[in-house]
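Residue numbers (our numbering): 2 to 211.
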């Protein structure tokens, strides 16, 4: 049964996740994120963040998403080490690796699927947002813009979801170069859904566990 005491009365040991909880949480979160990205890829859509950037590049060049996702995240690791420390950075690296591996698994398991674009975009972004929320709450991220958003929330008190929404807008605008305008507009709506999930559920002081 959950501890009913007010958060102010709880010690760090009362709210800290166990190692097992962190492992299960990161595995669950990365699976949900990767499934959301698979749905987006299946309908040729994009989303925000480095995942969206990797999807965008994968439509333009003949390289696997898993490779591109790992590559575009490399520059952000220095920021993670500097502002969040090695524990967060290592967890983030593991999370990125898991998402990259799972992104190769889902097409094998599902094959080619035929979805309405609107459903694929909204469901994909909703899943990605929920997965990111789980990953964040276990001391990790999916790299890139996630790192910038979390640092901004920790250091400046800005909500991570709103920070990421601003950054994601840039990726969505860039997608006009390789994605049909109608799909881009639907993708923009999906990115809003993803970031609203984060903004409404991941904010300073609301969640005691870490």
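In this text, a Cβ means the ideal position worked out from N, Cα and C, and glycines have one as well.
Source: prediction; values computed, not measured.
Which stretch, first to last residue, makes up the alpha helix (DSSP H) that contains residue i?
| i | result |
| --- | --- |
| residue 84 | 77 to 111 |
| residue 116 | Unbroken run through residue 116: none, as it is neither H nor E. |
| residue 193 | 182 to 202 |
| residue 36 | 20 to 43 |
| residue 62 | Counting along the chain, residue 62 falls outside any alpha helix (DSSP H), and DSSP gives it neither H nor E. |
What does the Cβ neighbour count give for residue i, buried or exposed, with the cut at 16 atoms within 10 Å?
| i | result |
| --- | --- |
| residue 140 | buried |
| residue 195 | buried |
| residue 24 | exposed |
| residue 57 | buried |
| residue 19 | exposed |
| residue 168 | buried |
| residue 201 | exposed |
| residue 126 | buried |
| residue 109 | exposed |
Look at the alpha carbon of residue i and the alpha carbon of residue j, and state the distance between them as a whole number of angstroms.
| i | j | result |
| --- | --- | --- |
| residue 34 | residue 136 | 9 Å |
| residue 68 | residue 156 | 31 Å |
| residue 113 | residue 64 | 18 Å |
| residue 62 | residue 55 | 10 Å |
| residue 98 | residue 21 | 19 Å |
| residue 28 | residue 100 | 9 Å |
| residue 176 | residue 51 | 13 Å |
| residue 178 | residue 17 | 45 Å |
| residue 146 | residue 60 | 20 Å |
| residue 85 | residue 154 | 12 Å |
Nearest to residue i by CA position, among the options, is which residue?
| i | options | result |
| --- | --- | --- |
| residue 107 | 167, 193, 183, 41 | 41 |
| residue 197 | 30, 100, 160 | 160 |
| residue 91 | 53, 148, 183, 176 | 148 |
| residue 95 | 120, 31, 127 | 31 |
| residue 45 | 171, 182, 154, 193 | 182 |
| residue 117 | 43, 39, 17, 173 | 43 |
| residue 80 | 174, 59, 144, 184 | 144 |
Comparing the CB of residue i with every heavy atom of the ligand ATP, is any distance shorter than 7 Å?
| i | result |
| --- | --- |
| residue 188 | What this structure holds is no ligand at all, so the ligand ATP is not there to describe. |
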